[in-house]
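See structure below.
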């Protein structure tokens, strides 16, 4: 919550965007979840690489 | 026997040269002319710039690799192109000047049957007063991460700033673009968030003010007009995600800015609304604008034809539509497909060296007439694909008698996978892994957002960092032509 509590200032540019909650920040570096995302991201990248080579 | 001369050994030129030699074998020659003795995996210069890698981690000597491949390597800079030959000879040639210490300053003419201009950008620091030293090099007031050596110096300055903060001093960092017409916002993005990461690890983040300054009209433009990602069932602009990260990490920003001058501890800038401002700094990294390296071209009679072959920005003309037209009339088909020079059919330009038809982002200028808009990036994947594509066309021209290029690689018909680091660490690193399809928006094929939402995505996390680190090792392995190198896609 530190980012939300310290960095968002009413009616400044920081007020009008989205800031991650602690659960989102946790999953960004949760090893087990990121192993799943590693596989998914690689598959998505391979699709784009294949589509880009003519 | 045909000879292909490749000027430049960056991602695009090295890819073209190595594939060409593999396909042409010993029956034909491939000559590489580059002023550098080492190849640099440029994406990792960011990590050199924060002290997480050394120069040796991101470069390797070219000579042994080219010797193994049978490529004729000349450590020299290209000076001029003579596509019509000279009096007494119709054979086209380039003139080079050696930077190899054993031949420093010697000049030579190298004839060619095919030429690939892969000279990349000139880092035009002097375009902004005070950003350069007046002699084409970086000035004394800021640091750079554009080359491995620059990045090592930046890391040294950063460590001194951290020491000052550990003693209780506050420090202000300004990171971004140093001119209204820069590209490479992504590299500056990586640098500011890697600095944030390192400052937090050092326990001094509370002593630092981080300020971003760029020529983007919105955060998340990245020189490609931004992108849209699917999130929670919505097509969401990259602006949302960029602003989110800046706010999360406590980074303030000034956008729509042309940095007009740099002095010791101070920058001056002009905004899109015409107002001017100044900011003080203790540490600043500002990407310079790019131009062509300054090659000249001459016809058979020795007359200067540089303006025929090159655009005013010094990049080589190719098969793009250079007709001036407003943003609303831009089309995906304006972008080149074969990278063949329209006047001299045995000449190609790849990577950053080709002249784009126009920007990707919308052109903007201040009421004073100052252009303030990102110029088009060419990142690793498109550069590699373009280099390989041109190599395929030249191979077919040499081996199969093709009279026209046989392969195409328009940036409006290819995607890019990019990984933007936001901090290095095996268990606490972060990176934004992105794919964009196509790189150049095609608003006719994809009305509204210009891109295919099914092939354009992004997310930030530790997985992205793992991918970036693996790509570092993978592409250096590929560039060294180690076993199986051709299996690694560009």
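Residue numbers (my numbering), protein chains in the order written: chain A, 19 to 72; chain B, 140 to 629. Note that the Cβ used here is the ideal one computed from N, Cα and C, for glycine as well. Remember, it's a predicted structure, so these values are computed and weren't measured experimentally.
For this session: With a cut-off of 8 Å on the beta carbons, I'd call residue 249(B) and residue 343(B) a contact; round off their distance for me.
Result: Actually they are not in contact, since the Cβ atoms of residue 249(B) and residue 343(B) sit about 53 Å apart, beyond 8 Å.
For this session: Could you give the DSSP three-state label for residue 497(B): helix, strand or coil?
Result: coil
Problem set entry | Neighbour-count burial assignment, residue 536(B), 16 or more Cβ in a 10 Å radius | buried
For this session: Tell me where the alpha helix (DSSP H) around residue 196(B) begins and ends.
Result: 194-197
Problem set entry | Residue interval of the beta strand (DSSP E) (run including residue 246(B)) | 246-250
Exercise. Is the beta carbon of residue 559(B) less than 8 Å from the beta carbon of residue 538(B)?
Worked result: no
Exercise. Looking at chain A, which residues of the stretch 205-224 of chain B have a Cβ within less than 8 Å of any of its Cβ atoms?
Worked result: none
Exercise. Between the Cα of residue 172(B) and the Cα atoms of 162(B), 312(B), 255(B) and 513(B), which residue gives the shortest distance?
Worked result: 255(B)
Exercise. What does residue 332(B) touch in chain A if you count any residue whose Cβ is under 8 Å from its own?
Worked result: Within 8 Å Cβ-Cβ: nothing; residue 332(B) doesn't reach chain A, min ~13 Å.
For this session: Name the residue from 424(B), 194(B), 217(B) and 605(B) whose alpha carbon lies nearest to the alpha carbon of residue 236(B).
Result: 217(B)
Exercise. Residue 451(B) to residue 21(A), Cα distance in whole Å?
Worked result: 46 Å
Exercise. Would a check of beta-carbon distances place residue 28(A) closer than 8 Å to chain B?
Worked result: no
Exercise. Taking only runs of the beta strand (DSSP E) that begin and end inside the stretch 563-624 of chain B, which ones reach a length of at least 3 residues, in chain order?
Worked result: 570-575 and 596-600
For this session: Can you give me, in chain order, the residues of the stretch 47-61 of chain A that have a beta carbon less than 9 Å from any beta carbon in chain B?
Result: 47, 48, 49, 51, 52, 53, 54, 55, 56, 57, 58, 59 and 60
Problem set entry | CB-CB length for residue 244(B) against residue 232(B), believed under 8 Å | 19 Å between Cβ atoms; not a contact.
Exercise. Cβ atoms of residue 293(B) and residue 526(B): under 8 Å apart, would you say?
Worked result: no
Exercise. So, is the C-beta of residue 35(A) closer than 8 Å to a C-beta in chain B?
Worked result: yes
Exercise. Terminal residues of the continuous beta strand (DSSP E) containing residue 367(B)?
Worked result: 367-370
Exercise. Which chain A residues sit within Cβ distance under 7 Å of residue 605(B)?
Worked result: 56
Problem set entry | Host beta strand (DSSP E) of residue 270(B) (start-end) | No beta strand (DSSP E) holds residue 270(B); DSSP gives it neither H nor E.
Exercise. Counting along the chain, where does the alpha helix (DSSP H) carrying residue 529(B) start and finish?
Worked result: 519-538
Exercise. DSSP three-state call for residue 358(B): helix, strand or coil?
Worked result: coil
Exercise. Does the Cβ of residue 287(B) have 16 or more other Cβ atoms within 10 Å, making it buried, or fewer, making it exposed?
Worked result: buried
Exercise. Residue range of the alpha helix (DSSP H) that residue 152(B) falls in?
Worked result: 150-163
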